[in-house]
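If you're matching positions, the sequence shown starts at 384 in my numbering and goes up one per residue.
One structure is given here, and the rest of the page talks about it.
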Amino acid sequence: MNKDISFLFMLLVLAVSRVALAEPEDFYVRQREQMVYEQIKMRGVSDEKVLGAMRYVARHLFVPPARRSAAYEDHPLAIGYGQTISQPYIVAYMSEAALLGPGDKVLEIGTGSGYQAAILAQIVEEVYTIEIVRPLAEEAKKRLKDMGYTNIFFRHGDGYKGWPQEAPFDAIVVTAAPDTVPQVLVDQLKTGGRMVIPVGSFYQELYRVTKTKEGIKKETLLPVRFVPMVHGEKAK
Ligand code: SAH
């Protein structure tokens, strides 16, 4: 009798601890599903590769632990050093606007938390990402390596220079805003390549710049609000 009770008690303890352990992950998976449906799909992003990546990547692991409960909310979040992780919708929108294919080689300017790089790495072959704030660059590199990404390459440096050794790129995604489209980055696009970039100081527009045989095509996509793309000499 005693034995039976202790056995039942053990089963109960096991069941409770399993629930306690399993709950947080399920909780975040559900939040991601809801985020993708309500904030991204309903607003018109339809590229299944992008939606799949946004469902897969655990955004809460890219924000400071104290901000985790807000990770799936519909706004950007502070990540330290005066920088932010972009709003989920904007990450999805920019990824779709870059018209990515599975074999693409992509340059990202502004690694920040590494979240946009992870989304891109789910979709394309290789991602090269540059961050000017050293501690952010180092933290993001460690985070993404620990997550097992082997197709993301990191550089601490000034994004205005691009990554000439790895150019040309099929797409460039810029996640900080310069005042004008940097010609150096246009030069590092393949013919047929696309750059998605916020431009402006207080008032900013998101552009898609496409390099064609005939020249540069510039499309205005959306009003946005990004942190400024700083020049090398102002780097921390
Ligand atoms: N893509 C990031 C969000 C970026 S916020 C994410 O998913 O979390 C913009 C980032 O651009 C900041 O981390 C900022 O430090 C960086 N940045 C600003 N100017 C830069 C420059 N000239 N070169 C490289 N990175 C720059």
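Ideal Cβ positions, reconstructed from N, Cα and C, are used throughout, including at glycine.
Task: Continuous alpha helix (DSSP H) stretch holding Arg526: start and end - done: Arg517 to Asp529
Open item on the list: Please tell me whether Tyr472 has its Cβ less than 8 Å away from any Cβ of chain C.
Closed with: Although the question refers to chain C, the structure presented lacks it and comprises just one protein chain.
Open item on the list: With three or more C-beta pairs closer than 8 Å as the rule, is the stretch 493-505 touching the stretch 468-476?
Closed with: yes
- [ ] List the endpoints of the continuous alpha helix (DSSP H) containing Ala550.
- [x] Element bounds for Ala550: n/a, residue is neither H nor E.
- [ ] Compute the minimum distance between the beta carbon of Tyr411 and the heavy atoms of the ligand SAH, and state whether it is under 7 Å.
- [x] no
TODO: Rank Ala453, Pro561 and Phe552 by C-alpha distance to the C-alpha of Val507 and give the top, closest one.
DONE: Phe552
Task: Lys432 to Glu421 span [Cα, whole Å] - done: 17 Å
Open item on the list: Run through the DSSP bridge pairs and tell me what Val607 is partnered with.
Closed with: Gln587
TODO: State the Cα-Cα distance for the pair Ala550 and Val419, rounded to the nearest angstrom.
DONE: 32 Å
- [ ] Go through its chain and collect everything with a Cβ distance to Glu479's Cβ below 7 Å, but skip five positions before and after it.
- [x] Val428, Asp430 and Val433
Task: Same chain only: Cβ atoms within 6 Å of Ala481, ignoring 5 sequence neighbours per side - done: Ala554, Val556, Arg577 and Val579
Task: Near the ligand SAH: Tyr532 beta-carbon under 7 Å from a heavy atom - done: no
Open item on the list: Beta-carbon within less than 7 Å of Val613's beta-carbon, same chain only, minus the 5 sequence neighbours each way: which residues are those?
Closed with: Ile515
- [ ] May I ask you to verify whether the stretch 455-464 touches the stretch 530-543, counting CB pairs closer than 8 Å and requiring at least 3?
- [x] no
Task: Opening and closing residue of the alpha helix (DSSP H) in which Met612 lies - done: Neither: Met612 is in no alpha helix (DSSP H) and is coded neither H nor E.
Task: Under 8 Å between C-beta atoms of Gly493 and Thr563 - done: no
TODO: Compare the C-alpha of Pro485 against each of Asp387, Tyr472, Ile502 and Ile423 and name the closest.
DONE: Ile502
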